[in-house]
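Structure first, commentary second.
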Amino acid sequence: MVFGFDKKREYLPNYSYCNTVYKKRKLFLHLFNFLVQEEVFSTKELCSCKEKTLYEIFMQKLAQLCSQGSRSSKLTSFDAKLHHFIAKNKIYKPSIVRAKNSNYQLALKIVSFIDNDSNSVKINSDLLFKSFVHKSITSIKSDRVVHNESDCISIYPQNHPVIKVLPFWEKRGKMNDAHIKKAIEFIKSGECNNIYLVYPREKNFTKHIEIKVPELEGCSKYVIKMIPYSLKTILRN
Numbered sequence: 384m385v386f387g388f389d390k391k392r393e394y395l396p397n398y399s400y401c402n403t404v405y406k407k408r409k410l411f412l413h414l415f416n417f418l419v420q421e422e423v424f425s426t427k428e429l430c431s432c433k434e435k436t437l438y439e440i441f442m443q444k445l446a447q448l449c450s451q452g453s454r455s456s457k458l459t460s461f462d463a464k465l466h467h468f469i470a471k472n473k474i475y476k477p478s479i480v481r482a483k484n485s486n487y488q489l490a491l492k493i494v495s496f497i498d499n500d501s502n503s504v505k506i507n508s509d510l511l512f513k514s515f516v517h518k519s520i521t522s523i524k525s526d527r528v529v530h531n532e533s534d535c536i537s538i539y540p541q542n543h544p545v546i547k548v549l550p551f552w553e554k555r556g557k558m559n560d561a562h563i564k565k566a567i568e569f570i571k572s573g574e575c576n577n578i579y580l581v582y583p584r585e586k587n588f589t590k591h592i593e594i595k596v597p598e599l600e601g602c603s604k605y606v607i608k609m610i611p612y613s614l615k616t617i618l619r620n
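In structure tokens:
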């Protein structure tokens, strides 16, 4: 599943606590901020998605970033993909982009997610959610080390066994066999015996669910839990 947009259509999060297009657009922009690890879109820009499409908001942001700074200033840096995108979409008239370096670097980050041919942004929903979960975990002050790995988030608490957090956007029914299979693989490998399958908290999914797997009966003590993860820190903004 992907979230994002193209010129004609938006691929918005389907979430029980977001029942309007406006709220779904805001949720996507918040998740994008977590993915980029910067406040790309300000509170004012988040609120503007009530009237504007995601495509319009992204184009407006790039126009703002690439037009800031004096036109007579020296060129700070150059990127072929960004330059091509600006020229194609007539965002900025001069043939060479002149911008403050911090603005230019942020524009580079944004345009790296845009497909040049279709002007679309389509991002894996699990990746977006994982970015939010990782930020939430690391923002909690505690005596533990957190690693954001390619397929999971590893938590190393002091004097306690490692915990593997596997964030997924979509649960698909009561349980997802593919997700449980991944948890089993971690346990069988001996890498970790504590696996948390994390999903967005929904109106019909508010409590932890512990899973027992017959396939692991001969293994040492293990824990596989389905965890509802609240998005209220995003939704209330």
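Counting in this note's numbering, the sequence shown tops out at residue 620, every number present.
Don't be surprised by glycine CBs; every beta carbon is placed ideally from N, CA and C.
All values derive from a computational prediction rather than experimental measurement.
- Contact annotation: Leu511 and Leu549 have beta-carbon atoms that are not nearer than 7 Å.
- Looking only at Leu395, Val404 and Phe417, the smallest Cα-Cα distance to Lys513 is reached by Phe417.
- Tyr438 carries a helical assignment under DSSP once its states are collapsed to helix, strand and coil.
- Annotated three-state conformation of His543 is coil, per DSSP.
- Using a Cβ-Cβ distance cut-off of 8 Å, the stretch 491–510 and the stretch 524–532 are not in contact, since fewer than three pairs of beta carbons, one from each stretch, lie closer than that value.
- As the crow flies, the alpha-carbon of Ser431 is around 28 Å from that of Tyr582.
- His517 sits close to Ile536, with the two beta carbons spaced by under 7 Å.
- Excluding sequence positions up to five before and after Leu412, its CB lies within less than 6 Å of the CB of Phe424 and Leu429, all in the same chain and listed in chain order.
- Shown here for Cys602: same chain residues with a beta carbon closer than 7 Å to its own, the five before and five after excluded, namely Ile570 in chain order.
- Leu489 places its beta carbon less than 7 Å from that of Leu448.
- Linking Lys547 to Cys575 through their CA atoms gives a straight-line distance of about 7 Å.
- DSSP places Val494 in the helix class (H, G or I) of the three-state scheme.
- In the DSSP secondary-structure assignment, Pro611 is bridged to Tyr582.
- Under DSSP, Ile592 takes part in a beta bridge, and its partners are Met609.
- In summary, Tyr394 is buried, with 16 or more beta-carbon neighbours lying within 10 Å of its beta-carbon over all protein chains present.
- Residue environment: Pro544 is assigned as exposed (fewer than 16 neighbouring CB atoms within 10 Å of its CB, all protein chains considered).
- In this structure Phe515 does not touch Leu599 by the C-beta definition: roughly 30 Å separates them, more than the 8 Å allowed.
- DSSP, read as helix, strand or coil, puts Ser525 in coil.
- Following the DSSP letters along the chain, one finds Val404 inside the alpha helix (DSSP H) bounded by residues Val404 to Val419.
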